[in-house]
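Undergrad:
Structural data, given as C-alpha cells:
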C-alpha cells in the first residue's frame, strides 16, 4: 500500500457551510430601503440622488480612512457604511447643503461608529445621532421642508404634517400621508414604501417585527388615549422609518425578543411624550436614541430563562 | 409544554435508501485501546500472538471503561501509541489479517440469570453509545436510581447520517427485541422510541410493530436540530427537564441509542461482541455515498476508496456529522466504535470571522436559550463571573450558533473554551 501523505484541514465543529454573511444582510437592508428612497426621488426631485450620493460616498470614505488610521482591517466591503449613508440621507430634508451632509456622515461613521470599535460595537444608532446633531446645530437648514412634487428648492419652507398639527394649520389627508405626498425628510414621508421594505426584511428574516409593532402600536394607543388623532400620529414624521429601520438596528437594540418588545414600547411612549408635551414637533429620533442608551439595561432584564439551568429554591417545572 | 427552539437544517440524507454493504476485509486493522469515554484499556495480547474474531484484546480493571475486541483473525503485528481525533493518547493493536476470519471460542451466547449478570454481559460486549458520544452502555444501565422510562434515541438529527436509520429499516425486530430485553432485565415499565419526523417510513413501521404493546410508545420528534441531544430528547419525549449537574437517571429515564439496543439484542443471542459497525460515507468528495459495515480498526482510507472517493480533491475529513463531528487529521486513522459517519469534503469555508453585528441569530436558534453573542463578548475579556451568569456550562456544543452566524464567528468553539475557563483549565 502506498502511504501517500495527505494534508487535511482540521477545524472545530460545526463543519457545515452557511452562506449568509454580514454583507448579504446589509445588501438586503439596502434593497428594503430602495422603495422609500425612490418615492423620495419622485416627490422631491433629482437632488435626492445627489444628496444621497454625497452621504454614501462620504460615509464610505470616512470608514475607509478611519480604519486605515486605526490600523484595522478594512471593512467597507461589508456594506454597512452604505446602509448608514443611505439612512442618513433619508433622514435629511432634500434642501440640506452638501457640506452639512458630509458633517453628518463624519458624526455617524467616525464619532458614533468607528470610535467605539466599528460595526456592531456602537451603542447608538449612527444615522439617528447624526440627524440629531445636525438638527441641533443647523435647525434652520434641517427644517427647511419643500412641498412635494414642486421641486422648488429655494422656496420658503413648507411645513411637515406634525408642525401643521401643532400650529393648527391645514393638515394633509390620510391617503397623501400614507403615500408620502407631504413635506418631510426625503425618505420618511412614504409610509407605504417603508412598510413594504420593512415587511420584506421581516419575510427574509433579517429583522423581527417585535420592535416595530410595539413601537407603532404603543404610539397609536397612547395618542388615542391622549386625545390626538392616532392614525395621523403614526403616519406623520419619521415613525415608519424609525420603527422599521432604526428600532430594528442590530447593534443598538436588545438581542432577545422580549427585549425588542420593551425597546419598541419605550420608543412609542417617549415619542408620544415628546410630541404631546414637548416643544419639538417630532420625537422619533430622540426616543430611539434614548432607548439605544437604555439597551444594555433592557438586555440585562430581558435575558430568557436557560433550559436546564439550576433553579434556586423554586419548584421543579 | 414550552417548545424548544432549534434550527432547520438541510437533511441531506442521501444514503437513506442505501442498503448496508460489507466492506472487503482489510489487510491490516489498527484497534485503539480507547474508543469510548472512560478509562483506557491495556492490551491483552503481545506482538506475534494469534488472534481470532471476537477475541478480547484489551481490557481495564476499572468499571468506567469498555473492553476492546478484535474483529479479524490474524497475527498481532505491532503495539503502538495512538492519538485519537480528540487528542487522547492510548495504545493501539495492529493486526495483520489472515483472511480466514476464524471465530474465537470466546464467542458464545452469554448466560444471563439476573440483573448483575446482564450488566456484566453488557460490559463484556464492549458496547458503547453508537450514536457518536461513546458512553459505555453498562455504566448507563447500571444506575441505582429508580427508572420508569427507557428512551431509545433514534433522532439521528445530524445531516447526512443514516446509519441508525438503516438499522431501523434492516433490523427492526432486533430493536423491538432489544427494547423488551432491557425493559425486562432492568424492570423498566415503559419505553419510548423517539424518531425524528423526517423518517416517516421508520415511524410507521414501528407504530405497526408496537401496535399491541402499550409499554412501547413511538414518539415523533419535530424535525428541528438538535433533537438527538440527550436533554432535548428527554424533554421532547417525556416533558422532564434534566438540570445542570443532574443525570437523566435522576429524572427516572435512561437514554440509549437505537443501534446500541439492536446490537445488545444480537449480542445476547450470539455472543459476538462489538467488532463491526455501520458507517455512513458521504460528502461532496465521495463518488458513491453509501452505508458500509466496517470492521472496527479498518483504516478510513480503505472505506473511502471503497466508496470511490476523489482522493486528490479531498481536503477535509469529518468523523461524525457536519454539526458535531470531529475533524480527522489523518486519512489512515481507523474506524472506531463511535464512527457513525465519515464525511469527505472538497470544500472549506475560508471566511474569516468579522465583528459581531448582534443580529441575534445565535439567540434565536439556541435550544437552551443561551446568548452566544454575550458569551462571546464575556469570553473575550475573560469575565468568568459573567460567563457563569450566562450559564455557558450548559452548552452541548450542537454548533447551531456558529452555523447561523453571518459574521462567521466560531461561537460554539468559544463556548467550549469558556467552559474550560470556568473549570479553571
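Chains as they are written, first to last, in the numbering used here: chain A, 1 to 317; chain B, 318 to 742. Beta carbons are placed, not taken as given, at the ideal position from N, Cα and C, and that holds for glycine. Every value quoted in this text rests on a predicted model; they were computed, and no experiment measured them.
1. Can you list, in chain order, the residues of its chain with a C-beta nearer than 7 Å to that of residue 274(A)? Leave out the 5 residues immediately preceding and following it.
2. Nearest CA to the CA of residue 137(A): which residue from 109(A), 147(A), 120(A) and 104(A)?
3. Starting from residue 407(B), trace the beta strand (DSSP E) in both directions and tell me its first and last residue.
4. In chain order, what are the residue ranges of uninterrupted beta strand (DSSP E) at least 3 long that sit wholly in the stretch 431-497 of chain B?
5. Just how far apart, CA to CA, sit residue 2(A) and residue 649(B)?
6. For the candidate residues 700(B), 724(B) and 716(B), whose alpha-carbon lies nearest to that of residue 735(B)?
7. Output yes if chain A places a C-beta closer than 8 Å to the C-beta of residue 354(B); else output no.
8. Might you give, ordered along the chain, the residues of its own chain that have their beta carbon closer than 8 Å to the beta carbon of residue 394(B), omitting 5 neighbours on each side?
9. In its own chain, which residues sit with a C-beta less than 7 Å from the C-beta of residue 491(B), not counting the 5 before and 5 after it?
10. Considering only the alpha carbon of each residue, which of 585(B), 598(B) and 388(B) lies closest to residue 416(B)?
11. How many Å lie between residue 341(A) and residue 158(A) at the Cα?
12. Would you kindly work out how many angstroms separate the C-alpha atoms of residue 217(A) and residue 268(A), rounded to a whole number?
13. Can you list the alpha helix (DSSP H) stretches of 4 or more residues lying completely in the stretch 627-667 of chain B, in chain order?
14. How would you list, in chain order, the residues of chain A whose beta-carbon sits under 7 Å from the beta-carbon of residue 673(B)?
15. Looking at C-alpha atoms only, which residue of 7(A), 13(A) and 9(A) is the closest neighbour of residue 716(B)?
16. What does DSSP give as the partner residue(s) for residue 616(B) in the beta ladder?
17. Find the nearest neighbour of residue 190(A) within the set 16(A), 35(A) and 9(A), judged by alpha-carbon distance.
18. Put residue 359(B) into one of helix, strand or coil per three-state DSSP.
19. Mapping the DSSP letters down to three states, classify residue 53(A) as helix, strand or coil.
20. Just checking my contact of residue 725(B) with residue 669(B) at CB under 8 Å: how many whole Å lie between their CB atoms?
21. Near residue 249(A), which residues of its chain fall below 6 Å by C-beta distance, leaving aside the five closest residues on each side in sequence?
22. Measuring CA to CA, which of 647(B), 639(B), 604(B) and 400(B) is closest to residue 626(B)?
23. For the stretch 183-214 of chain A, enumerate the residues whose C-beta is nearer than 7 Å to any C-beta of chain B, in chain order.
24. For a minimum of 4 consecutive residues, which ranges assigned as the alpha helix (DSSP H) are wholly contained in the stretch 268-316 of chain A?
25. Go ahead and label residue 167(A) buried or exposed: buried means 16 or more other beta carbons lie within 10 angstroms of its beta carbon, across all protein chains shown.
26. Can you find at least 3 beta carbon pairs, one from the stretch 519-533 of chain B and one from the stretch 419-432 of chain B, that sit closer than 8 Å?
27. Count the other CB atoms within 10 Å of the CB of residue 77(A); is the residue buried (16 or more) or exposed (fewer)?
28. Ordered along the chain, which non-local residues of its own chain (more than five positions away) have a Cβ less than 7 Å from that of residue 443(B)?
29. Which residue or residues does DSSP assign as beta-bridge partners of residue 328(B)?
30. Contact criterion: CB-CB distance below 8 Å. Does residue 128(A) meet it with respect to chain B?
31. Helix or strand or just coil, what does DSSP make of residue 693(B)?
32. Where do the ends of the alpha helix (DSSP H) carrying residue 577(B) lie?
33. Quick check: is the beta carbon of residue 727(B) nearer than 8 Å to any beta carbon in chain A?
34. Residue 58(A) by DSSP, collapsed to three states: which one?
35. Do we get a CB-CB distance below 8 Å when we pair residue 25(A) with the residues of chain B?
36. Got a sec: is the Cβ-Cβ distance from residue 690(B) to anything in chain A below 8 Å?
TA: If we stick to the structure as given:
1. For the purposes of this step, residue 274(A) is identified with residue 274 of the first chain, where counting begins at 1. Same-chain partners within the cutoff: 280, 283, 286 and 287.
2. Taking the first chain and counting its residues from 1, one reaches residue 137(A) at position 137. Comparing Cα-Cα distances from residue 137(A) to each of 109(A), 147(A), 120(A) and 104(A), the minimum goes to 104(A).
3. In the second chain, counting from the first residue as 1, residue 407(B) sits at position 90. It spans 406-414 - the beta strand (DSSP E) in which residue 407(B) sits, taken as one unbroken run.
4. 466-471
5. Translated into the one-based positions of the first chain, residue 2(A) becomes position 2. Translated into the one-based positions of the second chain, residue 649(B) becomes position 332. Low local confidence applies: a pLDDT of 46 at residue 2(A) is under 50, so the model's placement there is unreliable, with the coordinate-based value given in what follows. Residue 2(A) and residue 649(B): Cα-Cα distance of roughly 11 Å.
6. Position 418 of the second chain, counted from the start, is the residue given in the question as residue 735(B). For the residues 700(B), 724(B) and 716(B), the minimum Cα distance to residue 735(B) belongs to 700(B).
7. Reading the second chain from its first residue, position 37 is the one you call residue 354(B). No, no contact with chain A.
8. Taking the second chain and counting its residues from 1, one reaches residue 394(B) at position 77. Excluding sequence neighbours, residue 394(B) sits near 345, 364, 411, 412 and 413.
9. Working through the second chain from its first residue, we reach residue 491(B) at position 174. Hits under 7 Å: 579, 582 and 583.
10. Here the question's residue 416(B) lines up with position 99 in the second chain. That would be 388(B), whose Cα lies nearest to the Cα of residue 416(B).
11. Because residue 341(A) is not part of the residues shown, which for chain A are 1 to 317, the question remains open.
12. As a working note, residue 217(A) is residue 217 in the first chain. As a working note, residue 268(A) is residue 268 in the first chain. Roughly 7 Å separates the two Cα atoms.
13. none
14. For the purposes of this step, residue 673(B) is taken as residue 356 along the second chain, with counting starting at 1. Within chain A, the residues near residue 673(B) are 120.
15. On the second chain, position 399 is the one that residue 716(B) refers to. Comparing Cα positions, the closest option is 13(A).
16. Within the second chain, numbered from 1, the residue matching residue 616(B) stands at position 299. Its beta-bridge partners are 651(B).
17. Position 190 of the first chain, counted from the first residue, corresponds to residue 190(A). Of the candidates 16(A), 35(A) and 9(A), the one whose C-alpha sits nearest the C-alpha of residue 190(A) is 35(A).
18. As a first step, residue 359(B) must be located in the second chain, where it is residue number 42. Three-state result, residue 359(B): strand.
19. Within the first chain, the letter at position 53 stands for residue 53(A). Helix.
20. The sequence position of residue 725(B) within the second chain is 408, counting from 1. The sequence position of residue 669(B) within the second chain is 352, counting from 1. 7 Å between Cβ atoms; contact.
21. The residue you call residue 249(A) lines up with position 249 of the first chain. Answer for residue 249(A): 125, listed in chain order.
22. In the second chain, counting from the first residue as 1, residue 626(B) sits at position 309. It is 604(B).
23. none
24. 284-301
25. Here residue 167(A) refers to the residue found at position 167 of the first chain. Looking at its Cβ environment, which holds fewer than 16 other Cβ atoms inside 10 Å, residue 167(A) is exposed.
26. no
27. Walking along the first chain from the start, residue 77(A) turns up at place 77. That one is exposed.
28. The count along the second chain starts at 1 and reaches residue 443(B) at position 126. So the list reads 383, 384, 385, 386, 590 and 591, once near-sequence residues are dropped.
29. Taking the second chain and counting its residues from 1, one reaches residue 328(B) at position 11. Bridge partners of residue 328(B): none, in fact.
30. Locating residue 128(A) in the first chain gives position 128, counting from the first residue. False, the Cβ-Cβ gap to chain B never drops below 8 Å.
31. Numbered from its first residue, the second chain carries residue 693(B) at position 376. DSSP places residue 693(B) in helix when its eight states are reduced to three.
32. Here the question's residue 577(B) lines up with position 260 in the second chain. Segment 575-587, the alpha helix (DSSP H) holding residue 577(B).
33. Mapped onto the second chain, residue 727(B) falls at position 410. It does: the Cβ of residue 727(B) has a partner Cβ on chain A nearer than 8 Å.
34. Numbered from its first residue, the first chain carries residue 58(A) at position 58. Three-state DSSP puts residue 58(A) in a helix.
35. Along the first chain, read from residue 1 onward, the residue named residue 25(A) stands at position 25. Chain B contact via Cβ: present.
36. Here residue 690(B) refers to the residue found at position 373 of the second chain. For residue 690(B), the answer is yes, since a Cβ of chain A falls inside 8 Å of its Cβ.
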